[in-house]
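Right, one structure below, let's go through it.
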Amino acid sequence: MQITEANCKQCGTAQRPENFAFSTPDFWYGVPGEFSLYQCHNCELYFQFPYPTLEEIDTFYPPSYSPYERAIEDEPSLFSRLNRRYAQNKRVRLLQGIAGQTGSVLDVGCATGVLLDGLRTNGWTATGVELNDEAAAYGRDRFGLDIKTGTLETVDLPANSFDLVMMWNVLEHVPDPAEALAQLNTVTKTGGRLVLNLPDPDSIEANLFKRFWGGWDQPRHLFIFPTPLIKQILAQHGWQFEQKISYGGRFFLFRLSLFHWLDNKIGNKNLAGLLKKILGSVVFKVLTLPWFMFTDGIKRGSVMVIVAQKVDQKEEKV
Ligand SMILES: [Zn+2]
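One gets the working numbering by counting positions in the sequence shown from 1 and adding 1 to each.
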């Protein structure tokens with residue numbers, strides 16, 4: 002198979018105009034331009050096309066883009082501290098349940114290392130990798146964590162050494178997701194677990210909000226993976242799929258999608274502003290809880306956690 006720049010990066014099929022899904026501006030951060038998402042007619046991968054260069058990808062993250070959280074204890078309001086502590090404990094419990102026991106954990110794209118800090122408090126040996134040096138330095142200074150500045154390609158990690166490797170909201174941003182999954186496999190112990198947190202294009206909200214769904218997050222999300230495809234990619238790189246859980250995102254992403262929709266569908270700015278105030282309120286958040294329990298229950302929430310185990314490939318082939 003001859004691979005050219007215009008082929009699907011996952012299956013190599015020639016890119017066709019019929020793959021076009023939709024185009025959209027950057028609804029969230031207003032990066033100038035119109036970005037086109039395509040869906041491969043063969044493997045069903047969603048991808049931004051034309052493929053952006055590394056220099057272009059850099060411009061997708063304006064200075065106001067900050068997924069980098071400070072320490073929970075440094076939140077000024079008690080409500081924020083309690084809210085974040087609750088979310089953190091829930092995430093740590095989920096990971097403990099998946100891994101079965103404590104051990105060594107690697108978080109790729111760990112930002113300031115808040116989650117790693119929570120895991121370490123619960124007995125884990127924690128290592129992080131983070132591209133943004135400011136966030137990585139915060140995690141090293143504030144928590145004393147071992148966070149390496151760089152990417153999986155540029156940092157040195159020992160082979161077969163981690164019990165748990167994870168990427169939270171990261172794989173959809175990297176220019177070569179398959180390579181990242183292969184590299185993660187190399188550093189994981191046989192029998193170790195992989196946890197991926199990803200936007201789910203098969204979710205009810207993706208279908209409901211269509212191009213306004215927050216999970217597309219153009220232009221920052223270079224790839225979006227339907228569940229059957231992510232299972233396939235994992236299998237190709239030494240991972241055995243174990244389970245999919247609808248998890249996290251919830252109200253944040255729902256509100257984001259709703260706001261994109263209101264901003265673009267309601268002509269009257271005052272009315273749109275009023276609706277955003279009502280629909281963004283804590284009261285509305287509480288009212289939406291049954292909705293999220295329902296979509297999580299049928300595994301059609303906006304955000305999914307994919308769990309896989311590293312299998313011994315030599316044994317697999319026998
Ligand atoms: Zn494809």
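Quick reminder that beta carbons are idealized off the backbone N, C-alpha and C, glycines included.
With a threshold of 16 other beta carbon atoms within 10 Å, residue 296 meets it and is buried.
The Cβ-Cβ distance between residue 37 and residue 21 falls below 8 Å. Of all alpha-carbon atoms in 209, 157 and 223, the one lying nearest the alpha-carbon of residue 171 is that of 223. The Cβ atoms of residue 240 and residue 184 do not sit closer than 8 Å to each other.
By the Cβ rule, the stretch 293-307 counts as touching the stretch 228-246, because three or more pairs are nearer than 8 Å. Excluding sequence positions up to five before and after residue 108, its CB lies within less than 6 Å of the CB of 117, 129 and 167, all in the same chain and listed in chain order. The stretch 180-255 contains, as complete alpha helix (DSSP H) runs of 4+ residues, the segments 205-210 and 228-237 (chain order). Going by DSSP, residue 292 is part of the alpha helix (DSSP H) stretching over 290-298. Here the stretch 210-222 makes no contact with the stretch 177-197; the two share fewer than three CB pairs at distances below 8 Å. In the DSSP secondary-structure assignment, residue 49 is bridged to 38. DSSP, reduced to helix, strand and coil, places residue 306 within a strand of the structure shown. The three-state secondary structure of residue 282, taken from DSSP, is coil. The continuous stretches of alpha helix (DSSP H) do not include residue 24, which lies in the beta strand (DSSP E) extending over residues 21-25. Counting C-beta pairs closer than 8 Å gives three or more between the stretch 153-166 and the stretch 96-107, which meets the contact rule. Residue 5 and residue 271 have their C-alpha atoms some 49 Å from each other.
Between ligand 1 and the CB of residue 14, the shortest heavy atom gap is smaller than 7 Å. If you draw a straight line from the Cα of residue 89 to the Cα of residue 83, it comes to about 10 Å. For residue 55, the uninterrupted alpha helix (DSSP H) run begins and ends at 55-60, by DSSP.
Rounded to the nearest whole angstrom, the C-alpha separation of residue 243 and residue 27 is 34 Å. Inclusion of residue 11 in the 7 Å shell around ligand 1 follows from its C-beta lying nearer than that to a non-hydrogen atom of the ligand.
Of the other Cβ atoms in all chains shown, fewer than 16 fall within 10 Å of the Cβ of residue 91; this residue is therefore exposed.
If you ignore the 5 residues before and after residue 72, its C-beta comes within less than 6 Å of the C-beta of 143, all in its own chain and listed in chain order. Here residue 206 is buried. Its C-beta has 16 or more other C-beta atoms within 10 Å.
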